[in-house]
Amino acid sequence: MSLSFCIIGKAEREQVAMFAWQWDRDTGGVVLRRGGENASPLAVRPVFYEELDLLGFGRFWEYPRCDGVLLWACGRRYFHRGEVVAEARGGDLFHLPKVILKVRNLKIEPVDMAGCVERNADVLEDLCHNTMDALRAIWEREKRKVDATVVAFSGGKDSAVVLDLVRRGLAPRDFFVVFADTTMELSDTYDFVKKAERFWGDVAFYRARSHYDATETWRLFGPPSRILRWCCTVHKTAPTILLLRELLGRSSIRLLVIDGCRREESTQRARYLALSPNAKHVTQTNLRPILDWTSAEVWLYTFWRGLPFNRAYRFGLPRVGCALCPCASAWHDTIIGGKYRQEIASLLKPLYEYCKRSNTSVASTFIAARNWSKRMGGLWLDDDAKFAVRDIDESSFKVSLSRDLSTPRWLSLVARNDGGHRPFPTVSVTKDDGRVIIRIEGLRDHTQRRRMKALIYKAAYCVGCRACEVECPSGALSVYPVFSINSELCNRCFACIDFCEDGCLRAISFKPAVGGGSVRQKGVDRYRTFGLREAWLKTYFAHGIEGIGTTLGPDQFRSCLTWLREAEILTGGRAGQENKETEIGSALKRLIEQRKDDVVWDVIWINLARNSPLIKLFVTRTSWNIPYTKEHLKNVTMPDVKPRTAGNAINALFNLLAESPLGEKLGYGVLHSEKRKRTITRKPRKRVSEFSLLYCLYRYGEAVKRRHFTVSELKKMTEREPP
3 MSLSFCIIGK AEREQVAMFA WQWDRDTGGV VLRRGGENAS PLAVRPVFYE ELDLLGFGRF
63 WEYPRCDGVL LWACGRRYFH RGEVVAEARG GDLFHLPKVI LKVRNLKIEP VDMAGCVERN
123 ADVLEDLCHN TMDALRAIWE REKRKVDATV VAFSGGKDSA VVLDLVRRGL APRDFFVVFA
183 DTTMELSDTY DFVKKAERFW GDVAFYRARS HYDATETWRL FGPPSRILRW CCTVHKTAPT
243 ILLLRELLGR SSIRLLVIDG CRREESTQRA RYLALSPNAK HVTQTNLRPI LDWTSAEVWL
303 YTFWRGLPFN RAYRFGLPRV GCALCPCASA WHDTIIGGKY RQEIASLLKP LYEYCKRSNT
363 SVASTFIAAR NWSKRMGGLW LDDDAKFAVR DIDESSFKVS LSRDLSTPRW LSLVARNDGG
423 HRPFPTVSVT KDDGRVIIRI EGLRDHTQRR RMKALIYKAA YCVGCRACEV ECPSGALSVY
483 PVFSINSELC NRCFACIDFC EDGCLRAISF KPAVGGGSVR QKGVDRYRTF GLREAWLKTY
543 FAHGIEGIGT TLGPDQFRSC LTWLREAEIL TGGRAGQENK ETEIGSALKR LIEQRKDDVV
603 WDVIWINLAR NSPLIKLFVT RTSWNIPYTK EHLKNVTMPD VKPRTAGNAI NALFNLLAES
663 PLGEKLGYGV LHSEKRKRTI TRKPRKRVSE FSLLYCLYRY GEAVKRRHFT VSELKKMTER
723 EPP
């Protein structure tokens with residue numbers, strides 16, 4: 003463990019040596035070590051009898067039903083005094099895992115936790131005091147910049163440790179403790195919060211909660227996913243900020259939020275900083291005192307200090323949070339399904355409804371595979387808006403939707419001026435054949451166009467979740483219970499619009515059903531199951547169309563010509579038109595001769611993403627780093643296409659990525675086979691040539707009729723269409 007308070011200041015630079023852990027066979031516990039050959043970097047957790055009973059170990063082993071620790075677990079492997087004694091395989095929300103015994107007829111005695119703690123006492127003493135010193139130093143510096151300090155209490159072990167450290171380092175009057183009740187919590191979590199209030203009795207505990215229950219927001223927004231994590235803002239951070247505004251009696255506040263995030267927990271959290279200003283909200287700074295602590299340190303500190311912990315850990319949960327979470331692991335789902343199935347019934351209902359609309363034949367299989375957590379748009383959501391945007395010219399566009407605006411008063415922002423200059427152009431709202439038509443004229447630049455579209459999205463989709471309300475640094479905005487803007491407080495900063503893509507979390511959740519996400523599904527099966535192969539491209543560049551015509555069969559030849567046209571290497575293809583090589587085709591041929599094959603295939607992929615319906619659907623409706631089976635890919639990209647047609651198209655895609663550098667080498671779609679199932683995964687490029695990047699930007703500029711961009715603009719780019 004290395005204390006990562008690498009923030010300016012002598013006290014914060016004080017670091018703790020790297021700690022790993024080793025098995026302590028004498029006590030049956032673990033002992034922290036400063037590195038060493040036998041030290042383990044793996045996350046370890048204690049195992050109690052409740053977990054063993056749940057998984058059926060009582061049929062094979064003898065162990066006491068006591069409060070103490072019986073075993074330890076690393077991932078799915080169970081250890082008894084340093085030896086692997088069992089492993090759990092499989093399992094999901096509807097099935098318990100299969101237990102693989104390494105040792106039968108095991109008689110287990112509880113871990114000597116008192117002895118274990120005693121052996122780690124000196125290390126824990128140094129660890130916690132260095133952490134508290136750094137915490138205190140940072141708080142002393144930051145407290146002048148904020149209105150209040152808040153300990154974010156989730157009901158998990160990490161937030162309990164953080165609360166204990168803060169309570170030991172700061173006076174109770176210096177901070178609030180806020181439990182954000184998402185209404186997706188386990189019953190054991192609610193019980194633990196009450197226990198924590200009693201244990202830290204001199205600390206002010208408060209509960210923050212959205213005016214919406216989770217069952218209602220899942221219906222309004224659609225199920226949350228790894229990509230569309232609207233739930234954290236709507237149910238955690240926004241209610242917390244609103245609660246503190248109320249407690250402090252101020253319409254605008256800045257907060258220092260101390261949380262229990264740890265890098266060990268996920269790859270995303272591994273990138274977190276110990277001190278993060280504006281990380282989640284412009285009015286909030288996050289401080290993470292145990293960011294570099296390991297789970298071994300957290301648990302040993304808990305036992306050393308005699309802290310209470312959530313009973314859900316006793317059933318095998320490595321982390322405690324929302325009962326049904328898109329970012330949770332398959333193991334989390336397994337324990338939730340085995341122990342808390344009744345408690346998630348209300349959340350499973352919208353998932354089953356979602357599955358019905360997705361044409362999924364077996365909903366339980368879809369849910370068990372966690373496919374719902376991979377959602378990146380509103381493809382199967384029940385959206386009656388039928389939102390459509392059409393650009394008229396560079397200074398105007400038109401929006402139409404099939405129902406009334408949910409919060410039309412958002413459009414009142416158009417009438418506001420800023421020092422005599424309109425921040426937005428003119429807008430008119432009419433009705434035509436049952437559709438609402440919004441026409442915008444007088445656009446000055448891309449930023450104004452983006453904000454105007456975001457404003458209309460908000461007017462169409464706003465349900466008063468208050469996510470944008472807490473972004474307002476002046477407290478001028480209120481969206482619940484009634485919409486209002488205090489003109490005297492509003493400083494026209496546009497934070498309520500710029501805080502997320504499209505300006506509205508709900509609008510984002512309904513993409514690609516809105517705006518640029520709508521991609522036509524016709525013409526996906528024009529390749530006869532064949533992809534463009536590297537060998538075909540080399541034959542074409544060496545011998546032309548005649549060369550590929552003499553080496554390929556009729557179906558392969560027609561498929562190859564289609565790919566070459568969509569890659570903009572050839573023109574023609576229509577009746578009476580001759581196939582001719584384009585300027586791009588000639589340029590790519592020269593690059594092949596210069597052995598710049600990667601650049602050639604980058605250009606081909608960029609062009610295919612613009613011209614091939616199949617590739618366009620693939621890049622706009624799939625997520626990074628998620629493996630897709632053929633069946634899942636069909637459901638995600640082509641739900642309205644006949645199964646056989648969609649299957650042929652997906653086969654062509656798999657063949658393209660298997661037979662060209664686009665797959666394994668460049669990572670546009672990496673194939674993997676396991677147990678007769680093939681998957682495809684989009685991998686982000688770690689390196690890309692300057693030429694490829696410039697060409698991509700050029701094609702994007704060509705599409706939007708612009709030639710100048712800023713880095714910040716590209717980061718906030720709202721268009722889902724490929725360049």
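Numbering (my numbering), first residue to last: 3 to 725. Every residue gets a Cβ at the ideal spot worked out from N, C-alpha and C, and that includes glycine.
Q: Reducing DSSP to helix, strand and coil, say where cysteine 76 ends up.
A: strand
Q: Look up isoleucine 487 in the DSSP assignment and give the residues it is bridged to.
A: Leu479
Q. In three-state terms, what does DSSP make of aspartate 215?
A. coil
Q. For valine 152, which residues of its own chain have a beta-carbon under 6 Å away from its beta-carbon, when the five flanking residues on both sides are left out?
A. Phe178, Val180, Leu257, Val259
Q: With DSSP as the reference, label leucine 673 as helix, strand or coil.
A: strand
Q: Can you tell me which of the three DSSP states phenylalanine 620 falls into?
A: helix
Q | 8 Å Cβ cutoff, leucine 353 in contact with chain D | A | Among the chains of the structure shown, chain D does not appear; only one protein chain is present.
Q.
By the DSSP assignment, the alpha helix (DSSP H) with lysine 540 in it spans what residues?
A. 536-553
Q) What's the C-alpha gap between arginine 528 and leucine 590? A) 24 Å
Q. Would the stretch 593-605 and the stretch 659-671 be scored as touching if the rule is three or more Cβ pairs under 8 Å?
A. yes
Q) Among the residues of its own chain, which have a CB less than 6 Å from the CB of alanine 660, if the five just before and after it don't count? A) Leu673
Q. Around the C-beta of threonine 219, are 16 or more other C-beta atoms found within 10 angstroms, so that it is buried, or is it exposed?
A. buried
Q: Return the bridge partner residues of asparagine 288 from the DSSP annotation.
A: Val259, Ser278
Q) Between the stretch 372-382 and the stretch 399-408, are three or more C-beta pairs nearer than 8 Å? A) no
Q. For glycine 517, does the three-state DSSP call read helix, strand or coil?
A. With a pLDDT of 37 at glycine 517, under the threshold of 50, the modelled position of this residue cannot be trusted; read the value that follows with caution. Looking at glycine 517 - three-state DSSP - the assignment turns out to be helix.
Q: Since I believe alanine 325 is in contact with glutamate 345 (beta carbons under 8 Å), could you give me their beta-carbon distance rounded to a whole number of angstroms?
A: 6 Å
Q.
In whole angstroms, give me the CA-to-CA distance for threonine 432 and isoleucine 440.
A. 7 Å
**Q.** Where tyrosine 542 falls, given that 16 or more other Cβ within 10 Å makes a residue buried
**A.** buried
Q | DSSP-derived helix/strand/coil call for valine 601 | A | helix
Q) aspartate 504 and alanine 456: beta carbons closer than 8 Å? A) yes
Q: Since I believe alanine 462 is in contact with alanine 387 (beta carbons under 8 Å), could you give me their beta-carbon distance rounded to a whole number of angstroms?
A: 6 Å
Q. Near leucine 353, which residues of its chain fall below 7 Å by C-beta distance, leaving aside the five closest residues on each side in sequence?
A. Pro225, Ile369, Trp374
**Q.** Spatially closest choice to proline 43 from Arg252, Asn493, Leu34, Pro279, by CA coordinates
**A.** Leu34
Q: Label asparagine 280 either buried or exposed according to how many other C-beta atoms from any shown protein chain fall within 10 Å of its C-beta, with 16 as the threshold for buried.
A: exposed
Q: Counting only the same chain and skipping the five closest in sequence on each side, list residues whose C-beta sits under 7 Å from that of isoleucine 594.
A: Phe543, Val602
Q.
Whole angstroms are fine: how far does the CA of leucine 57 sit from the CA of leucine 566?
A. 56 Å
Q. Which of the three DSSP states, helix, strand or coil, is assigned to serine 402?
A. strand
Q: Confirm, please, whether the CB-CB distance from leucine 72 to isoleucine 102 is below 8 Å.
A: no
Q) Which two residues bound the contiguous alpha helix (DSSP H) that contains isoleucine 571? A) It is not in any alpha helix (DSSP H) - isoleucine 571 carries neither H nor E in the DSSP assignment.
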